[in-house]
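Trainee: Have a look at this one.
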Amino acid sequence: MPRLVAFDVDGTLLRGETICECLARNIGRAEEMRRFEAYRERSDIAAARRTMLDWYRPHGRDGLLRHLGQLRIAPGARAGFAALRARGIRTALVSITWKFAVDWLAAELGADDTIGTGWLETDAVADVWPEDKAAWLTARLGELGLSARQLVAVGDSWGDVPMLKLAARGYFVGAQMPEPMPHVLHRPGGDIGTIVAEILTD
Numbered sequence: 000m001p002r003l004v005a006f007d008v009d010g011t012l013l014r015g016e017t018i019c020e021c022l023a024r025n026i027g028r029a030e031e032m033r034r035f036e037a038y039r040e041r042s043d044i045a046a047a048r049r050t051m052l053d054w055y056r057p058h059g060r061d062g063l064l065r066h067l068g069q070l071r072i073a074p075g076a077r078a079g080f081a082a083l084r085a086r087g088i089r090t091a092l093v094s095i096t097w098k099f100a101v102d103w104l105a106a107e108l109g110a111d112d113t114i115g116t117g118w119l120e121t122d123a124v125a126d127v128w129p130e131d132k133a134a135w136l137t138a139r140l141g142e143l144g145l146s147a148r149q150l151v152a153v154g155d156s157w158g159d160v161p162m163l164k165l166a167a168r169g170y171f172v173g174a175q176m177p178e179p180m181p182h183v184l185h186r187p188g189g190d191i192g193t194i195v196a197e198i199l200t201d
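Going by numbering that gives the first Met the number 0, the letters in the sequence shown line up with residues 0 to 201, in that order.
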């Protein structure tokens, strides 16, 4: 039985519009955000995050969080998190998107731990990248006295590959697996409650 289940956010626990797309639409920046979403070079993404922070400052975190209720939480997510909590299994939201928004979703679902790109009190950005997901999970497992054999990960994109490879078992809910991973089950568009039921019965 796993002791920690780690979930990606955009595309995994949220379906359709991403956190950044939702915020951009509500503050009149949807067109620019569409361009940003196409970036693949790390330097471009880092620069885009700093531009987004310029957009966000006038609204403040609380003003931005009011828009997040428009996001579509994945089917079965609330029930799945409740089932894991009832069995005493910790949950983590592991994302490269903004941590203040990840924390909002964690409160909605009752998740225990979060990681995401930081909007610091100094108004600077603390970047999180795909490999940081696995590094953070490794550190968190150590703090909890657990091993990777007790970790399950759920993701939907190439950015989740590092944490999926770290975990003993994984589930991929994206349309196409980015690379073969024998220990990762492909559940395209999967209901999170159904995936949790698999986790609890395997």
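In this text, a Cβ means the ideal position worked out from N, Cα and C, and glycines have one as well.
Report yes or no: do three or more beta-carbon pairs, one from the region 182 to 194 and one from the region 23 to 35, lie closer than 8 Å?
Mentor: no
Trainee: Could you give the distance in angstroms between the alpha-carbon of T116 and the alpha-carbon of Y38?
Mentor: For this step, residue 116 is matched to residue 117 along the sequence shown. For this step, residue 38 is matched to residue 39 along the sequence shown. Their Cα atoms are separated by approximately 17 Å.
Trainee: By a C-beta neighbour count over all protein chains shown, 10 Å radius and 16 as the cutoff for buried, is D159 buried or exposed?
Mentor: Stepping through the sequence shown from its first residue, residue 159 is reached at position 160. D159 is buried by the Cβ-count criterion.
Trainee: Under three-state DSSP, which class holds W128?
Mentor: As a working note, residue 128 is residue 129 in the sequence shown. Here W128 sits in coil by DSSP.
Trainee: Is it buried or exposed for T96, if we count other Cβ within 10 angstroms and need 16 for buried?
Mentor: Sequence index remark: in the sequence shown, residue 96 carries index 97 (1-based). Looking at its Cβ environment, which holds 16 or more other Cβ atoms inside 10 Å, T96 is buried.
Trainee: Would you check if there are 3 or more beta carbon pairs closer than 8 Å linking the region 1 to 9 to the region 145 to 158?
Mentor: yes
Trainee: So, at 8 Å on beta carbons, what are the nonlocal neighbours of L165 in its own chain, with the 5 sequence-adjacent residues on each side left out?
Mentor: Locating residue 165 in the sequence shown gives position 166, counting from the first residue. Result list for L165: A133, L136, T137, A147, L150, A152, in chain order.
Trainee: In three-state DSSP terms, what is A45?
Mentor: As a first step, residue 45 is located in the sequence shown; it is residue number 46 there, counting from the start. Reduced to three states, the DSSP call for A45 is helix.
Trainee: Do the region 37 to 51 and the region 72 to 80 make contact, defined as three or more Cβ pairs closer than 8 Å?
Mentor: Result no; under three Cβ-Cβ pairs closer than 8 Å.
Trainee: Can R60 and F99 be called in contact, C-beta distance under 8 Å?
Mentor: To locate residue 60, count along the sequence shown from 1; it is residue 61. To locate residue 99, count along the sequence shown from 1; it is residue 100. Yes, they are a contact pair.
Trainee: Rounded to whole angstroms, how far is the Cβ of E16 from the Cβ of L70, which I believe are closer than 8 Å?
Mentor: Position 17 of the sequence shown holds residue 16. Position 71 of the sequence shown holds residue 70. That pair is a contact at about 6 Å.
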